[in-house]
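Trainee: Dumping the structure here so I can ask a few things about it.
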Amino acid sequence: MDWVIEARDLKKTYKMGEIEVHALNGVSFTIARGEIVSIMGPSGSGKSTMMNTLGCLDRPTSGEYILDGEAVANMTDDQLASVRNRKVGFVFQSFNLLSRLTAVGNVELPLRYAGITEGRRDRAKAALEAVGLGDRMTHRPYELSGGQQQRVAVARAIVNDPAIIMADEPTGNLDSKVGKEIMSLLLNLNKERGTTLVIVTHDPKIAEQTQRVIRLRDGELDLAYEENGGSKQ
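Heads up, the sequence shown is in the working numbering, so the first residue is 19 and it goes up one at a time.
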């Protein structure tokens with residue numbers, strides 16, 4: 019099997035004064051290249067910590083994490099930033115666009131951080147066209163609707179042709195109609211490009227559109243959920 023994500027006994031412990039909080043407590047799973055997976059769980063279950071770890075925004079306290087063939091758990095901050103920029107595209111609930119930049123300028127950012135100059139603008143334009151915003155390239159975020167801003171964020175996520183796209187509640191700030199359009203866009207990118215999607219969500223309707231649900235509870239995999247075939251009895 020061609021795994022793009024291999025997580026083995028991941029643990030993440032935070033210290034709050036004299037109290038230790040085990041945000042992740044020995045989590046192990048794999049995600050195949052091209053798979054569409056959702057991560058669910060109640061508040062405090064470890065979803066955000068899991069996303070930060072898988073997206074190379076943070077390192078586990080212990081355990082092994084292999085992303086697209088690279089062992090990243092013990093990398094330095096600079097090494098982690100490099101892997102994150104090359105292999106992970108992010109789509110956030112709040113879009114996280116820079117207001118001073120145009121749509122194409124925002125999409126260019128990952129390429130700029132990677133030191134790519136040749137063909138950078140053309141690649142950013144192609145990404146915007148791929149998400150249906152070829153006619154909005156020079157607009158700034160405040161000139162775009164919420165759905166259009168999220169499309170810019172998706173274009174920014176795919177411009178580097180990453181190994182995975184991490185989407186954190188990607189429809190959370192959108193109405194139901196526009197949310198469906200964004201989910202359809204993400205699913206089409208998976209179909210057309212084979213992009214691996216990892217979607218953190220609390221919405222069962224979003225999870226139903228993915229191929230598999232990884233459910234967390236108290237920093238661990240919810241094995242009861244798995245044993246029941248993905249549904250609570």
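Glycine included, every Cβ here is placed at the ideal spot set by N, Cα and C.
Decide if Lys105 is buried, meaning its Cβ has at least 16 other Cβ atoms within 10 Å, or exposed.
Mentor: The residue in question, Lys105, is buried, as its Cβ has 16 or more Cβ neighbours within 10 Å.
Trainee: Quickly, what does DSSP pair Thr31 with across the bridge? List them, please.
Mentor: DSSP, once it has assigned bridges, lists His40 as partnering Thr31.
Trainee: Spatial neighbours of Leu204 within its chain, please: CB distance less than 8 Å, with the 5 preceding and 5 following residues excluded, ordered by chain position.
Mentor: Here the set comprises Val109, Val172, Ile183, Ala185, Pro188, Leu215, Ile217.
Trainee: Given Val125, which residues of its chain have a CB within under 7 Å of its CB, disregarding the five upstream and five downstream residues?
Mentor: Ala142, Ala145, Leu146, Val170, Ala173, Arg174, Val177, listed in sequence order.
Trainee: For Gly152, which residues from the same chain have a beta carbon less than 8 Å from its beta carbon, with the 5 sequence-adjacent residues on both sides left out?
Mentor: Excluding residues within five positions, the ones whose Cβ falls inside 8 Å are Lys143, Leu146.
Trainee: Does the separation of the CB atoms of Glu38 and Thr31 fall below 8 Å?
Mentor: Yes.
Trainee: Gly52 to Gln227, Cα distance in whole Å?
Mentor: For Gly52 and Gln227, the distance between alpha carbons rounds to 14 Å.
Trainee: What number of angstroms, rounded off, separates the C-alpha of Gln229 from the C-alpha of His220?
Mentor: About 16 Å.
Trainee: Using DSSP with H/G/I as helix, E/B as strand and the rest coil, what is Met69?
Mentor: Helix at Met69.
Trainee: Whole angstroms is fine: what's the gap from Glu245's alpha carbon to Asn103's?
Mentor: Any reading at Glu245 needs caution, since the residue's pLDDT is 49, under 50, leaving its predicted position unreliable; the model's value is listed next. Going from the Cα of Glu245 to the Cα of Asn103 covers about 36 Å.
Trainee: Should Lys65 be labelled buried (16 or more other beta-carbon atoms within 10 Å of its own) or exposed?
Mentor: Classification for Lys65: buried.
Trainee: Quick check: the Cα distance between Asn206 and Gly150, rounded to an integer number of angstroms?
Mentor: About 12 Å.
Trainee: Identify the continuous beta strand (DSSP E) that holds Met93 and give its terminal residues.
Mentor: No beta strand (DSSP E) holds Met93; DSSP gives it neither H nor E.
Trainee: Near Arg233, what residues of its chain come up, given a Cβ to Cβ distance below 6 Å and the 5 sequence neighbours on each side ignored?
Mentor: Taken in chain order, the residues that qualify are Met58, Gly59, Asp240, Tyr243.
Trainee: By a C-beta neighbour count over all protein chains shown, 10 Å radius and 16 as the cutoff for buried, is Ala225 buried or exposed?
Mentor: Buried.
Trainee: Would Ser46 be called buried (16 or more neighbouring beta carbons within 10 Å of its own) or exposed?
Mentor: Label assigned to Ser46: exposed.
Trainee: Would you tell me roughly how many angstroms separate the C-alpha atoms of Thr71 and Arg158, rounded to the nearest one?
Mentor: Using only the alpha carbons, I get a separation of about 31 Å.
Trainee: If you count every other CB in all the chains shown that lies within 10 Å of the CB of Gly107, and 16 or more means buried, which is it?
Mentor: Counting Cβ neighbours within 10 Å, Gly107 comes out buried, since at least 16 surround it.
Trainee: Mark Arg130 as exposed unless 16 or more other C-beta atoms lie within 10 angstroms of its C-beta, in which case mark it buried.
Mentor: The residue is exposed, with fewer than 16 neighbouring Cβ atoms inside 10 Å.
Trainee: Taking all protein chains shown into account, decide if Leu116 is buried (16 or more other Cβ within 10 angstroms of its Cβ) or exposed.
Mentor: When all chains shown are included, Leu116 counts as exposed.
Trainee: Straight-line CA distance for Ser61 to Gly81?
Mentor: Going by the C-alpha atoms only, they are around 23 Å apart.
Trainee: For Gln97, does the count of other Cβ atoms within 10 angstroms reach 16, so buried, or fall short, so exposed?
Mentor: With fewer than 16 other Cβ atoms within 10 Å, it is exposed.
Trainee: Starting from the C-beta of Leu28, find all residues in its chain whose C-beta is less than 6 Å away, skip the five residues before and the five after it, and write them out in chain order.
Mentor: Same-chain partners within the cutoff: Leu42, Val45, Pro78, Gly81.
Trainee: Pop quiz: Asp20 and Ala50 are said to be a contact at Cβ under 8 Å. What is the actual Cβ separation, rounded to whole angstroms?
Mentor: Confirmed, about 6 Å.
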